[in-house]
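Engineer: Can you keep this structure in mind? I'll have questions shortly.
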Amino acid sequence: MEKLEIEVQAKSSAEKLWAAFKDSSNLFPKFFPNHIKSIEVIQGDGYTVGSFRLIKYAQGTPIMTFGKEKLEVADEEKKVISYRVIDGELTRYYKSYTATLQVVPKSSDGEEGCWLKWRVDFEKASEEVHDPILLLEYAARTFNRLDALLLNA
Numbered sequence: 002m003e004k005l006e007i008e009v010q011a012k013s014s015a016e017k018l019w020a021a022f023k024d025s026s027n028l029f030p031k032f033f034p035n036h037i038k039s040i041e042v043i044q045g046d047g048y049t050v051g052s053f054r055l056i057k058y059a060q061g062t063p064i065m066t067f068g069k070e071k072l073e074v075a076d077e078e079k080k081v082i083s084y085r086v087i088d089g090e091l092t093r094y095y096k097s098y099t100a101t102l103q104v105v106p107k108s109s110d111g112e113e114g115c116w117l118k119w120r121v122d123f124e125k126a127s128e129e130v131h132d133p134i135l136l137l138e139y140a141a142r143t144f145n146r147l148d149a150l151l152l153n154a
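And the structure:
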């Protein structure tokens with residue numbers, strides 16, 4: 002199993018960003034309609050481990066048209082959420098693909114903002130498959146856009 006990680010500095014509070022990520026099934030299609038057409042919770046409530054959701058990407062989104070994910074980790078105290086991709090275009094390229102996000106407050110001394118730590122654990126379907134660097138870059142851009150939207154809300 003291989004892994005890649007990125008960290009994005011955000012100006013929004015950890016609580017505000019954590020709430021947005023927990024409610025991403027509802028918020029992301031509204032915030033990012035050029036990339037995400039819809040996110041439908043197809044099993045469970047979308048907030049607890051074992052929930053499944055179907056993401057339909059907007060027309061013109063590179064590589065992916067849809068993805069089906071299973072919520073594997075939802076830790077409120079540590080502000081960690083993890084999804085495993087179980088269907089969609091990514092499964093052609095990766096035998097396994099799990100994305101984990103942790104929202105970390107900058108400090109306890111009142112400093113504003115937080116860090117968004119994004120890790121992808123993956124196993125390639127073949128040696129010809131590239132590391133999912135483009136997806137990490139896409140995640141970083143999405144995090145920055147989300148931070149800006151929340152700051153202006």
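Numbering-wise (our numbering), the sequence shown opens with residue 2 and increments by one. Yeah, the Cβ is synthetic: ideal placement off N, Cα and C, and Gly gets one too.
In three-state terms, what does DSSP make of D132?
Structural biologist: Residue state, collapsed to three classes: coil.
Engineer: Return the CA-CA distance between K6 and D148, expressed in angstroms with no decimal places.
Structural biologist: Sequence check: residue 6 is Glu here, not Lys. Cα to Cα, E6 sits roughly 19 Å from D148.
Engineer: When the Cα of E70 is compared with those of A126, I64, E16, V42, which residue comes out closest?
Structural biologist: For E70, the nearest C-alpha among the options comes from V42.
Engineer: Using the DSSP secondary-structure output, state which residues sit across from P106 in a beta bridge.
Structural biologist: Answer is C115.
Engineer: Where L91 and V9 are concerned, what is the direct C-alpha to C-alpha distance, given to the nearest angstrom?
Structural biologist: Between L91 and V9, the C-alpha separation is close to 23 Å.
Engineer: Taking C-beta to C-beta, are V104 and K80 nearer than 8 Å?
Structural biologist: A contact, by the Cβ cut-off of 8 Å.
Engineer: Give a yes or no on whether the C-beta atoms belonging to K12 and S39 are separated by under 8 Å.
Structural biologist: No, the Cβ-Cβ distance between K12 and S39 is not below 8 Å.
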